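Data block below; observations after.
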Amino acid sequence: MTKRSVYYLYLKDFPKVLVAVIEGELFLSLHEVLKRFKLKHDDPKVKELVVTERITINIDGHDKRIDIIDFEVFKNLSELDRSGEGFKFFTQVMKHKFDREHNIDNLTPNDLESMEDRERFIEERNILKSKVEVLEAKERTYEPYIKTIKTIFGSRINPVNFVNITTKLKYAKPPSPSAISEILRLAGVFDDNDQPKPHFVKENYFRIIVTSEAKLTKSQVVTNVLVLQKGIQLIESLIDKKYGGGIR
10 MTKRSVYYLY LKDFPKVLVA VIEGELFLSL HEVLKRFKLK HDDPKVKELV
60 VTERITINID GHDKRIDIID FEVFKNLSEL DRSGEGFKFF TQVMKHKFDR
110 EHNIDNLTPN DLESMEDRER FIEERNILKS KVEVLEAKER TYEPYIKTIK
160 TIFGSRINPV NFVNITTKLK YAKPPSPSAI SEILRLAGVF DDNDQPKPHF
210 VKENYFRIIV TSEAKLTKSQ VVTNVLVLQK GIQLIESLID KKYGGGIR
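The number in the working numbering is simply the position in the sequence shown, starting from 1, with 9 added.
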């Protein structure tokens, strides 16, 4: 089944530009593009460039048939309009395309048009900020242990807490720590409790740090895994093996 979504693009200076995303590719309404570039459909130069696809959509509660163009046609049409407004329209559409391709979950400012979306975004941001603060506090707790390991094994080791391992990997969008744990378990590196097996600790792939945290009247023992440079290289090699080097 073809994966498709249609929505209005709310640009800074051009409200409600109809666009479609089909199989991850961005298409634009031909009617909207011609209007913004002040071009005529029957212009011979336009006819020469335009290759369209006609789709039926439901928008604003009504079924409509529209002609859409891919991004290559859009860029070619932009060359026919040398006006300042045309260039502004082209630039703002290009920024939306760039944001879609480079932001996590394809998030763009267009996704925060409604009050509900803005409130959800702020709520999720607050949750993430709280998690970051907790992780930063834990990192401060482990700093003395990391300093000791660096003193013993050398500063080039630069260990990292396993919960933050994705920040040290070479991939733009690495697997989550839980997915990496599963890969390590299947490879026989981690045990069923997500702890490195003794061999990999002895060979300086990982270090296990045990700390005691006081909470009210109770003391809680917390075990954390530090990943050394050899461990990072091992993890990357296992990820490459699982995904065939397809993650970048």
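Even glycine gets a Cβ: it sits at the ideal position worked out from N, Cα and C.
Predicted model, so just to flag it, every value in this text is computed and none were measured.
Per the DSSP calculation, residue i is bridged to which residue(s)?
i: Asn67; result: Asp72
i: Arg216; result: Leu235
i: Phe181; result: The residue you asked about is not Phe; residue 181 is Ala in the sequence shown. DSSP lists no partner for Ala181.
i: Ser14; result: Val30
i: Ile77; result: Ser38 and Glu62
i: Val169; result: Val236
i: Phe199; result: Pro205
Mark residue i as exposed unless 16 or more other C-beta atoms lie within 10 angstroms of its C-beta, in which case mark it buried.
i: Arg216; result: buried
i: Ile136; result: exposed
i: Val60; result: exposed
i: Ile5; result: Residue 5 lies beyond the stretch modelled for the chain, which goes from 10 to 257, so this question has no answer here.
i: Glu41; result: buried
i: Met10; result: Low per-residue confidence applies at Met10: pLDDT is 42, beneath 50, and the placement is therefore not dependable, though the value from the model is reported in the following sentence. Exposed, because fewer than 16 other Cβ atoms sit within 10 Å of the Cβ of Met10.
i: Leu43; result: buried
i: Leu195; result: exposed
i: Ser38; result: buried
i: Pro153; result: exposed
i: Pro184; result: buried
i: Lys25; result: exposed
Does the distance from the CB of residue i to the CB of residue j come in under 8 Å?
i: Asn170; j: Glu148; result: yes
i: Ile241; j: Lys156; result: no
i: Asp79; j: Phe36; result: yes
i: Val198; j: Lys206; result: yes
i: Phe46; j: Leu89; result: yes
i: Leu86; j: Leu58; result: yes
i: His204; j: Val231; result: The sequence shown places Gln at residue 204, rather than the His named in the question. Contact: no.
i: Thr100; j: Asp108; result: no
i: Lys97; j: Asp22; result: yes
i: Ile77; j: Ala29; result: yes
i: Arg63; j: Arg74; result: yes
i: Lys179; j: Glu110; result: no
i: Thr175; j: Pro168; result: no
At least one CB of chain D closer than 8 Å to the CB of residue i: is that the case?
i: Ile31; result: Given the protein chain composition of this structure (a single chain), no chain D is represented.
Please check the pair residue i and residue j, which I expect to be a contact at CB under 8 Å, by giving their CB distance rounded to whole angstroms.
i: Asn173; j: Leu144; result: 7 Å
i: Asn213; j: Leu243; result: Their Cβ separation, rounded to whole angstroms, is 11 Å, which puts Asn213 and Leu243 out of contact at 8 Å.
i: Leu20; j: Val102; result: 7 Å
Which residue comes first and which comes last in the beta strand (DSSP E) that contains residue i?
i: Leu35; result: Glu34 to Ser38
i: Val28; result: Val26 to Ile31
Output the boundary residues of the alpha helix (DSSP H) element that contains residue i.
i: Lys258; result: Coverage of the chain is limited to positions 10 through 257, which leaves residue 258 absent and any answer about it impossible.
i: Phe83; result: Phe80 to Ser87
i: Leu48; result: Where Leu48 is concerned, there is no enclosing alpha helix (DSSP H), given that its DSSP letter is neither H nor E.
i: Val210; result: Pro207 to Lys211
i: Ile189; result: Pro186 to Leu195
Cβ-heavy atom distance between residue i and the ligand ADP below 7 Å?
i: Leu48; result: In the structure shown, the ligand ADP is absent, as is every other ligand, since no ligand is present at all.
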